[in-house]
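Anchor point for the sequence shown: position 231 equals 487 in this note's numbering, and the numbering is continuous, going up by one each time.
Even for Gly, the Cβ is constructed at its ideal location relative to N, Cα and C.
Only a predicted model underlies this, so the values are computations on that prediction, with no experimental measurement involved.
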Amino acid sequence: MSKQDSLLTRKALASSVSGTTLLVMIQLVSRLFTFVANQLVLRNLSPATLGAATQLELFMVTILYFSREAIRLAILRQPLDSPSSPDISKQEKPRIACDKEMEAQSMATQSIVNMSYLSLAVGIALSILLGTFYIQFAAEQVAQTSFYRCSVAIVCLASTLELCTEPFFAVVHRYMLYKTRATVEMAAAFVRSLTTCGLLLWASWNGSNVGILPFALGHLFYALVLLCGYSAALSNSASRWHFSFLPSRIRSRYVEVITIK
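In C-alpha cells form, the structure reads like this:
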C-alpha cells in the first residue's frame, strides 16, 4: 500500500470515528432538550392534552418513517461511482482523467439527490391521507382538544418541510459532513424545545387554553430551522461538486465525445 493510500485510509477512519461521535451527540442533545422541556411543561398539562400531544407525535413520526426510511436505505446502498462509460483511449486518459473522476462524483451525487425527492412525493400523499384520517376518526376526547384540527394541519406542513431536507441529508451523508448535520440538527432541536416550552408557559401564565398547538408549532419551527440551516450550510456545495439540489437529468459529456470520434 502506498503512502497516499495509507493517508487516505487514516483520514477515512478518522472521519468515520468523528462522524459516529457527532451522531451520538445529536441524539444525546436532542433527548436532553426533550427531557428538560417535558419537565418544564408537564405540570401545566392535563392528561387529555398530554395524550393528544403524544398522538400528534406518533402521527408525525409515522409520516416521516414510511416516507423516507426505505429510500434512505436505498441511497446508502448506492455505489460511490456513477455508471460506467465506454472505454477511453490511452492517449485521452491523461487529459481527461481528472475531469472524468469529477463527473463521476457529480453524477453519483445527482443520482442520490434525485432519489431523495421520492420521499417528498410519498410524504405529501401520506400527509393528506393520514391527516384526513386523524381528523375524521379521532376519539371524541382527542377531537375536543383545543386547536386539534389546526395542529394536525400544521404537523402535515411540518412533515412536508422536513422531507424537503432529504436532498441535503443525502449529500451530507455522501460527503460525510457530520459536523454540519450536528450543528443544524442540534440548533433545530433547541428551537423546537424553546418554542414548545415558551408557548406553554406563556399560556399558563395568561390562563389561555392553547391545547396541543405549541407542540405542533414546535415541530414546524424544527422543520424550518432544518431547511434554512441546511440551505445556508450547503449553499456552495452544488457549485463546488457540480450537481444541483433540484431534480435534474444525469448526462455524461464523455459519451458524446467518444461517439463523435
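S367 and R333 have their C-alpha atoms some 12 Å from each other.
Sequence-distant partners of E359 (beyond 5 residues in either direction) whose C-beta falls short of 6 Å from its own C-beta are missing from its chain.
Inter-segment contact for the segment 307–316 and the segment 409–427 is present: three or more beta-carbon pairs are separated by less than 8 Å. The closest CA to that of H475, considering only S449, I327, A494, S495, is found on S449. Considering only W497, T305, A308, G454, the residue with the shortest C-alpha distance to S362 is W497. With contact defined as three or more Cβ pairs closer than 8 Å, the segment 435–453 and the segment 498–505 are not in contact. Residue state for H498 is assigned as coil, using DSSP reduced to three classes.
In the DSSP annotation of this structure, the continuous segment of the alpha helix (DSSP H) that includes T452 starts and ends at 434–462. For I331, the enclosing alpha helix (DSSP H) has its first and last residue at 303–332.
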